[in-house]
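Notes follow the structure.
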Amino acid sequence: MNPTDKDKIDLAYQRLREKAQKHAESAQRPDIAKIYIGMATCGLASGALETRHAFEETLAERNIEAVIRPVGCIGHCYAEPLVIIDRPEFPPILYHQVTPGKARMLVKSFLENGDPLFEHVLGAMEENDLIPWVMDFPRFNQEKKIVTALCGKIDPEEIYDYINENGYSALAASLYMDPNELITIIETSGLRGRGGAGFLTGKKWGLARSVEGSEKFVICNADEGDPGAYMDRTILESNPHQLLEGMAICSYAVGANKGIIYVRAEYPLAVKTVKRAIEQATDLGLLGKSILGSSYDLEISIFEGSGAFVCGEETALIQSIEGKRGMPQNRPPYPVQKGLLGRPTVINNVKTLSAVPSILEHGPEWYKEIGTVKSPGTAIFSVVGDVIHAGLVEIPMGVSLRTLIFDICGGIPNKKQFKAVQIGGPSGGCLPSDFLDTPIDFDSLTEAGAMMGSGGMVVMDEDTCMVDVARYFLDFTQKESCGKCTFCRIGTRHLLNILERMTKGEGNPEDLDVLEELSQDVKMGSLCGLGKTAPNPILTSLRYFRDEYEAHVKEKRCPACVCRKLTAYYIDLDKCARGCDACVGSCPVEAIFTTKDRKKGIDQSLCVKCGECMAACPPEYAAVRKVSPPEKAPIIERPEKSENDGQDHSG
Amino acid sequence: MMVKIIVDNQEIEAEEGTTVLKACLDNGIYVPNLCFLESMTNPPASCRMCLVEIEGEKGPIPSCTIEVREGMVIRTETAPVRRLQRSALRLLLSVHEVDCAACPANKKCELQRLSKFLKVGLKPKGFELLLKEAKRDDEHPFLDYHPNRCIVCGKCVHVCQTTHGRPFLTFAKRGFNTTISTFGEKDATKIPCPTCMACVEICPVAALTVKTDPQ
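If you read the sequences in order, they're chains A and B.
Going by my numbering, the residue at position 230 of the first sequence is 405; the numbering climbs one at a time, nothing skipped.
Going by my numbering, the residue at position 67 of the second sequence is 117; the numbering climbs one at a time, nothing skipped.
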C-alpha cells in the first residue's frame, strides 16, 4: 500500500479518537456519581430494569444528581443484578443482587450520606484502603479477560465508549497492511476456532483467500443453541463493536466485501444491540464504503436464524441463509471453497472473531504466551448447574477443571459432593471426578471423551442421575435432528426411547449393549456434527458411570433417587416432629396423612413424587427421605380415622 | 480422461470426475445405496448406505461424495462398512411397515434387495417398531403417500424438481417426523402430475403410489 493511504487512514482514525474523547469529556462530570447497571439479558432477567427505575425515582425524589449508565454483563450471573457505583471520594464499588429496595437504600445511604453499606458490597473495582479489591478474590484474579475484558464496563450502545478503549485501532492498522501479512499474524498466534472443532483460524482465512473469485463472504456464527450456554449472547450484548472490528479485519484479510452475522432470533437484545452497532459504525465510516478513507468496502448485515439448533452447523447455516431447509451438506466441499451462493465463505464463531482485534493490537507472540502450546489464548465458559458462583468465565487455556469449578466458581453448593461435569453442550461428554485435573484445552478434553464445544459447562452434584442426564441431552438432540440422514433421524430416536425406558424402570440388561452399539454406529455413520456427537453424553456416561445404568436395568434402582418411577418419598418417623404440619399443606395431591401419634405418613398410592414435602419439611427435622427402589420405603399405615379427620372431636 | 482405481482387489477404469459409487456400479460392483441418482450434481449422502473404506482416509465414507482419483484403493466389504450398513438398514426397517404381500413394491423393493444382500431379516430384532399413526396421506388429488413405507431418500423431490424446474414435492417437518409433503396442493389444475408420475416411478419402496380413483 502506498504511504498516502496509510496517512489517510491514520488521520481518519485520529479524528475519530478526538471525537470520542470529546464525547467522553462532555458526558463526564467528575463531581457527580456514576451508576453502572448490568443490563444484558441476564441482568434484565434478574430485574435490572426495575433496579434502574428504583435508582431513577429515588434520585429524583431526593434531588440527587447522578449519571446512570447501562452496561453489558461482567459474567457474574450468581450476583445479578450487578451495579457499580462510582462516587466521588470513593473507589468504584461493585454491588451484588441490587434489588429495587437495595437501590433505594444505596441512594439514601451511600450517595446522600457517604455510607457505602459494606454488607452489600462485592468488592471495589480498584485497589484502595477502604474496601477489598475484587482482584483479591479468585473469581476475579484467576480469570484472564481478553475477549470479555470490556464486557460490563462500557455501554454497548455507545460506539465512542469502545473507541476510547483503543477500539477500531487494530482495524485502522490492518487496512494498510498486506492481507497475507494479516493472515500470517493470525496463523502465528495459533488462534483456533472457538465454535467447537478448534480449526486454525489463520489457516481457514488463508484457504479462503487463496480461492479464486472476486465475491467472498465472511459469516459470524452466532447461532448459539446449546442448553445452558450464553457466551456469544453476552459478548454480542456487551461489546458488539469488538466483534464488528474482528469481522472487518477478517473480511479485509480474505478479500470479502460482505459480512453476515447469523444470530438467533431468540436473542432479541443481541440483535438490537448489534444492529445499532452496525449503524453507528457505518455512520462513522468504520463500515460501508471506503472504510476510514481507504479503498476497502465492507457491508455487514444481520441474518436472524429461526431457532433450529442444527443451523449452527456451518453447511446448514448456509442453507438457511439461502432460504432453504436447514439441512447440513456433505463436506467436502468446505465452505471456504464453496460456501454461501457457491462462493468462498469464512465462517467463524463470535468468540474467534472477537479475539482478533486484541491479537493484532498486542501481537501474535503475546497471544501465544497465553494458554497452552497447542491451544493458545483463553477459553470462555458459561459455567452453570450445581456450582456456587455460576456465570461467564474467561480463563487461560490449560487451567484444570478443578481450578475452574472449585477455585474460580466456588465449588458445589450445600456441601454436596461433585459428581460430573458436562462439557461441550449436548454434543459433549460427562466427565467424573477422576478427570478434574484435566487441563482445559481442545486436545485434552477430546481425549477424555468430552469436547471443548462452544463453551457450555454444566456442573452436577451427587443428586444427579447420569442416565437421566443422558436422556435429557438425547431428548434435545433428537428433537433438533434435521431428519436428513438415517442414523441421526432414526438412531437418536431409538437411543432416546431406550433411555426413557431405563429411567422408568422398564429397561433390561440387553438394552445396555444395544445402547452402546447403536451409539457407536450413530457416531460413525451420521452425516454432520450433530449426529456424530449426539451419542457422546451416552458413551461417556456409560464409560464412567456404568454402575448407574446397571442399577437402573438390573435392580430397577436409581442411585441418585431422581427417576420418579424408581423412587419413593417417605417420612422418617424418628425425625418427624409431633404436631408439625409443614408438609401437609405443601402436598398437591393430599397424599400426606397424620398417624395415630400425630406424626405424618405418605400414601404411596397417591404420591406423585414432586418433592414439595421434602422442601417444606423444616431443616431441623429433615424427616422426608427419598429411597430407591420404591419398595424400600417403610410402610406407614394410614389410620382409619386420622387426627385431621377427627378434628371436631378433639376440639 | 480415464483413471484407474482398485476396488476389492479388482482394477477398474472410470472417467475422471465420476463418483466412486458410480464407478463401482458401472463396473458391476454392487454397493448398497438408496438416495443416489446419477443426475444429481450434489448427492445428499443421506441414506448412509454406500459406505466404503478408502486407503488413507479415516473410517467408512459415503462413496457417492468422493470422486475417483488415480490409484485409489477402495474396499466395499470391510467389517466396519458392513456393520454400519446393517445398522442403517435395521434402523430403516424399524420405521417400516413390513407387509410385502400387500405392497406394490414387492419383489422390486430396494429394502428387500438390501435385506437379502446384507443378510438382515426384514423384521430384525433389537429395535422396537416405531410406526407413524397415519398409514396413508391421501390429500393429494393424484398421489397417495405412505409414511410408514417412506425411507426419506429424497429421490422423489429431486426428480420432481428436475422434471418441472420447481418441486411439487418437498420434505416437511423435522427430525424423526420428517416426511414428504405435496405442499397441501389440492387444486388438480395446478399440478402436472397426471402426465408425469416420475416420483412414483423413482420411489424405491412404493411410498408414493398413483391414486386408484383420482378425484
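All C-beta atoms in this analysis are idealised placements derived from N, C-alpha and C, irrespective of residue type, glycine included.
Keep in mind it's a predicted model, so treat the numbers as computed, not measured.
Give the range of the alpha helix (DSSP H) segment to which residue i is assigned.
i	result
A:L705	G704 to T708
A:E540	P539 to E544
A:E885	Lying outside 176 to 826, the shown extent of chain A, residue 885 of chain A is not represented and no answer is given.
A:D336	I334 to N339
A:D686	P684 to G700
A:D398	No alpha helix (DSSP H) holds A:D398; DSSP gives it neither H nor E.
A:G218	T216 to A220
A:I673	T667 to T678
A:P734	That residue, A:P734, is in no alpha helix (DSSP H); it is neither H nor E in DSSP.
A:V634	A:V634 -> not in any alpha helix (DSSP H); beta strand (DSSP E) instead, spanning G631 to D636.
A:D458	P443 to D458
Beta carbon of residue i, beta carbon of residue j: below 9 Å?
i	j	result
B:C249	B:L193	yes
A:G706	A:C663	yes
B:P110	B:T128	yes
A:K771	A:P814	yes
A:A743	A:P804	yes
A:K801	A:C758	no
A:R439	A:G400	yes
A:V562	A:G599	no
A:L674	A:V642	yes
A:E488	A:G704	yes
A:P519	A:T490	no
A:S557	A:V644	no
B:V102	B:L139	no
A:C248	A:G213	yes
In terms of residues, what are the limits of the beta strand (DSSP E) holding residue i?
i	result
A:V562	Here A:V562 belongs to no beta strand (DSSP E), and DSSP marks it neither H nor E.
A:F617	First-last for A:F617: F617 to A623, but that is the alpha helix (DSSP H), not the beta strand (DSSP E).
B:D194	L193 to Y195
A:G476	Note that residue 476 of chain A is Ser in the sequence shown, not Gly. Residues E474 to G480.
A:K433	K433 to R439
Mapping the DSSP letters down to three states, classify residue i as helix, strand or coil.
i	result
A:K379	helix
A:L717	helix
A:C605	strand
A:P551	strand
A:N524	strand
A:A159	Residue numbering for chain A in the displayed model covers 176 to 826; residue 159 of chain A lies beyond these limits and cannot be assessed.
B:Q162	helix
A:P205	coil
A:N288	coil
B:R133	helix
A:S825	Residue placement at A:S825 cannot be trusted, given a pLDDT of 40 that sits under 50; the coordinates are not used to answer.
B:R98	coil
B:F220	Reading the sequence as shown, one finds Thr at residue 220 of chain B and not Phe. In the structure shown, B:T220 sits in a strand (DSSP, three-state: E or B).
A:A278	helix
B:Q275	Since the first residue shown for chain B is 51 and the last is 265, residue 275 of chain B is missing from the structure and cannot be characterised.
B:M51	coil
A:G658	coil
A:S389	coil
A:G213	strand
Is it buried or exposed for residue i, if we count other Cβ within 10 angstroms and need 16 for buried?
i	result
A:P684	exposed
B:P51	Reading off the sequence shown, one finds Met at residue 51 of chain B, where the question assumed Pro. Answer is exposed; the Cβ neighbour count stays below 16.
A:G826	Interpretation of A:G826 is limited by its pLDDT of 34, a score under 50 that renders its predicted location unreliable; the figure taken from the coordinates is listed afterwards. Per the 10 Å Cβ criterion, exposed.
B:A152	exposed
B:F233	exposed
B:F218	buried
A:P763	exposed
B:Q265	Confidence at B:Q265 is low in this model, with a pLDDT of 49, below 50, so its placement is unreliable and the value that follows should be read with caution. Exposed is the call here.
A:A565	buried
Quick check: does the Cβ of residue i come within less than 8 Å of any heavy atom belonging to the ligand HEM?
i	result
A:K320	Annotation note on the ligand HEM: not contained in the displayed structure, which lists no ligands.
Within 8 Å, do at least three Cβ pairs link the segment 379–396 of chain A to the segment 507–525 of chain A?
yes
When you compare the segment 550–570 of chain A with the segment 399–414 of chain A, are there three or more beta-carbon pairs, one atom per stretch, that lie closer than 8 Å?
yes
Using a Cβ distance threshold of 8 Å, determine whether the segment 111–121 of chain B contacts the segment 89–97 of chain B, with at least three qualifying pairs required.
yes
Does the pairing of the segment 491–504 of chain A with the segment 442–451 of chain A give three or more beta-carbon distances under 8 Å?
no
Would you say the segment 430–437 of chain A touches the segment 355–369 of chain A, given that touching needs at least three Cβ pairs under 8 Å?
no
Cβ contact (3+ pairs, closer than 8 Å) linking the segment 279–288 of chain A and the segment 227–234 of chain A:
yes
Touching by the beta-carbon criterion (3+ pairs, under 8 Å), the segment 164–181 of chain B and the segment 63–73 of chain B:
no
Would the segment 249–256 of chain A count as touching the segment 200–207 of chain A if we require 3 or more Cβ pairs under 8 Å?
no
Give a yes or no on contact between the segment 413–422 of chain A and the segment 319–332 of chain A, applying the rule of three or more CB pairs nearer than 8 Å.
yes
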